[in-house]
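Worksheet for the structure shown next.
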Amino acid sequence: MHGSFSFFFHVIAVGFVFVIVFGGWAFNRRIVKEKDLHLQLYVSGWARSIGLLSPFVTLLLLVTGIGNIYNRYLGSDLHWYSEGWLVAKLIFFVILVVNGSVFGAQLGRKRTLLLQSISEQKAPENANSVLKSFNRQFTWHYIVQFLLLAIIIFLSTFGSGKHPGVV
6 MHGSFSFFFH
16 VIAVGFVFVI
26 VFGGWAFNRR
36 IVKEKDLHLQ
46 LYVSGWARSI
56 GLLSPFVTLL
66 LLVTGIGNIY
76 NRYLGSDLHW
86 YSEGWLVAKL
96 IFFVILVVNG
106 SVFGAQLGRK
116 RTLLLQSISE
126 QKAPENANSV
136 LKSFNRQFTW
146 HYIVQFLLLA
156 IIIFLSTFGS
166 GKHPGVV
């Protein structure tokens with residue numbers, strides 16, 4: 006059995022994605038359940054810290070994924086885009102990244118600003134209903150993220166090809 010560093014670090018990066026998605030979900034649940042506003046803001050700061058890992062993990066996944074594709078098709082007449090499972094995996098990965106980095110970050114900033122305005126007593130009259138709406142949106146965001154991650158893992162595990170690290 007041969008292994009590659011690219012495959013090894015790709016698996017490590019996938020573990021980091023699980024940490025980011027699961028950690029974000031856990032922090033979100035804590036924010037929703039917490040009654041104390043200052044603790045909600047504190048937990049929101051920790052959730053942001055977890056979210057700041059995302060660009061580095063995305064870059065690591067891209068670099069190691071390209072390395073895996075290169076290793077897989079090195080010396081072969083096949084092209085990577087001829088494998089449907091790999092193309093589908095890349096599409097779901099792009100959706101996962103865009104959903105997390107654009108929509109998740111935007112939603113997190115809005116909710117944190119609302120929590121800060123409530124804490125400073127400068128919030129609009131409908132602040133509680135807006136906060137409930139943000140919490141509901143975050144819950145759906147993490148459901149979508151978990152589903153996308155499960156689809157990517159399923160395609161990686163049961164796709165028609167073997168990974169370059171496992172020959």
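Reminder that position 49 of the sequence shown reads as 54 in the working numbering, one-by-one numbering, no gaps.
All C-beta atoms, glycine included, are put in the ideal place defined by N, C-alpha and C.
Just so you know, these numbers come straight off a predicted model, no measurement behind them.
With contact defined as three or more Cβ pairs closer than 8 Å, the region 12-22 and the region 63-72 are in contact.
Contact between the region 114-125 and the region 38-55 is present: 3 or more CB-CB pairs across the two stretches fall below 8 Å.
In this structure, the CA atom of residue 9 is about 39 Å from the CA atom of residue 35.
Only residues of its own chain outside the window of five on either side were considered, and among them 97 have a CB closer than 6 Å to the CB of residue 156, listed in chain order. In this structure, DSSP gives residue 79 a state outside helix and strand, which the three-state scheme calls coil. With respect to the 8 Å criterion, residue 28 and residue 55 are classified as neighbours on the basis of their beta carbons. Beyond the five residues adjoining it in sequence on each side, residue 14 comes within less than 6 Å, by CB distance, of 69 in the same chain, given in chain order. Residue environment for residue 25: buried (at least 16 other C-beta atoms within 10 angstroms of its C-beta).
Contact between the region 101-113 and the region 147-164 is present, with at least three C-beta pairs closer than 8 Å. Burial check for residue 133: the Cβ neighbour count within 10 Å stays below 16, so the residue is exposed.
Here residue 164 is not near residue 79, since their CB atoms are 8 Å or more apart. For residue 30, the closest alpha carbon among the candidates 136, 113 and 129 is that of 113.
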